[in-house]
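See structure below.
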């Protein structure tokens with residue numbers, strides 16, 4: 001089947017089916033048939049907590065697999081409109097049953113995450129990308145590893161932990177997770193089981209409802225690592241979660257000279273300071289022939305505020321759905337704080353704010 005798929009995706013076949021792709025014709029026969037486009041059927045929806053679910057998916061043959069820590073662009077059609085968001089894979093990459101899962105927390109203003117949690121049913125067709133992202137384990141995993149997460153940031157880290165378990169990793173693994181309460185925590189029963197492994201230390205800190213007798217409390221501080229016997233300067237560390245956790249961990253590692261050991265993945269971008277000094281000038285939407293006073297919000301939010309509807313996916317700089325050309329002007333990336341003033345460059349408008357006058361091809 002791989003040879004057939006490769007032939008169907010070849011340039012000669014593409015020239016025969018032009019102006020459409022071969023997948024355009026294959027999906028007329030069956031929606032799961034494709035040479036290149038990844039499709040999947042929902043096998044099961046598992047409710048992990050009151051507002052979080054795991055979606056078990058069976059992909060078609062175009063799927064090439066994933067590395068633990070990666071995410072997929074997840075698209076569903078609701079009322080005739082395809083909506084796409086990015087979700088992390090949460091299963092072990094060592095599984096060989098033809099399925100994989102994404103685990104999602106339903107956010108109050110998240111249409112897709114709410115739909116997944118409340119309305120998604122088995123056999124629903126899902127439109128996927130191949131797995132993406134560089135937040136992955138090295139080929140050779142060191143003997144000491146720290147996995148840290150906050151809230152729904154547990155999903156890619158859980159994929160790593162499950163994979164290490166299934167591949168019989170013998171090194172010491174410390175898993176440190178922050179959640180509001182035990183009821184708000186995903187994968188609770190499995191974490192209890194993993195804690196029984198001799199080479200795995202599982203520590204959960206409930207920030208709003210601490211466990212009775214808990215020695216560690218509150219949000220992340222370096223003393224939490226000291227208590228666990230972790231030396232950040234020689235321990236490869238992966239952290240995924242909301243901006244506040246990421247920034248605190250990053251600053252801590254930089255202060256003690258351990259920045260080279262840290263790998264980070266945001267699950268929620270930092271809030272934008274609308275009173276920042278760079279919230280000046282005019283944002284011009286060149287294609288629409290519209291000008292707007294720069295409010296200091298992201299370019300995506302400002303475009304929506306004037307009635308435009310740019311394409312977007314994750315809204316946190318992970319996927320490339322919202323990429324557009326910036327004709328001229330300077331922008332600041334709200335996660336890295338890097339400023340770019342190149343002419344005719346492509347930018348992700350969900351995580352860039354204009355500095356002064358900016359012109360974009362929207």
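In this note's numbering, the protein residues as written are 1 to 362.
Don't be surprised by glycine CBs; every beta carbon is placed ideally from N, CA and C.
Status (buried if at least 16 other CB within 10 Å, exposed otherwise) for residue 302:
buried
With burial defined as no fewer than 16 other Cβ atoms inside 10 Å of the residue's Cβ, what is the status of residue 171: buried or exposed?
exposed
Nearest residue (CA-CA) to residue 82, options 45, 338 and 126:
126
Following a CB-centred definition, is residue 45 positioned closer than 7 Å to any heavy atom of the ligand HEM?
Among the components of this structure there are no ligands whatsoever, and the ligand HEM is therefore not found.
Threshold first: 4 residues or longer. Then list the alpha helix (DSSP H) segments lying entirely within the stretch 163-213, N to C.
188-194, all fully within the stretch 163-213.
Roughly how many whole angstroms lie between the Cα atoms of residue 181 and residue 49?
Computed Cα separation, rounded: 11 Å.
Tell me whether the beta-carbon of residue 245 lies closer than 8 Å to the beta-carbon of residue 150.
yes
Any chance you could list the alpha helix (DSSP H) runs of at least 4 consecutive residues sitting entirely within the stretch 252-334, in chain order?
Those alpha helix (DSSP H) runs which fall completely within the stretch 252-334 and span 4+ residues are 299-305.
Please classify residue 209: is it buried, with 16 or more other beta-carbons within 10 angstroms of its beta-carbon, or exposed?
exposed
Enumerated in chain order, which unbroken segments of the beta strand (DSSP E) with a length of 3 residues or greater are wholly contained in the stretch 212-256?
As for any beta strand (DSSP E) of minimum length 3 sitting wholly inside the stretch 212-256, the runs are 236-242, ordered along the chain.
How long is the line joining the alpha carbons of residue 179 and residue 86, rounded to whole angstroms?
21 Å
The alpha helix (DSSP H) that contains residue 112, what's its start and end?
111-118
Stretch-stretch touch, CB-based, cutoff 8 Å, three pairs: the stretch 187-197 with the stretch 222-236
Three or more beta-carbon pairs separated by less than 8 Å are not found between the stretch 187-197 and the stretch 222-236, which leaves the two stretches without contact.
Could you name the residues of the same chain whose beta carbon sits closer than 6 Å to that of residue 291, not counting the 5 residues immediately before and after it, in chain order?
Within the same chain, residue 291 has close Cβ partners 282 and 284.
Assumed close pair residue 42, residue 121 - CB separation to whole angstroms, cut-off 8 Å
In this structure, residue 42 and residue 121 form a Cβ contact; the two beta carbons are roughly 7 Å apart against a cut-off of 8 Å.
Alpha carbon to alpha carbon, what distance is there between residue 341 and residue 202?
45 Å
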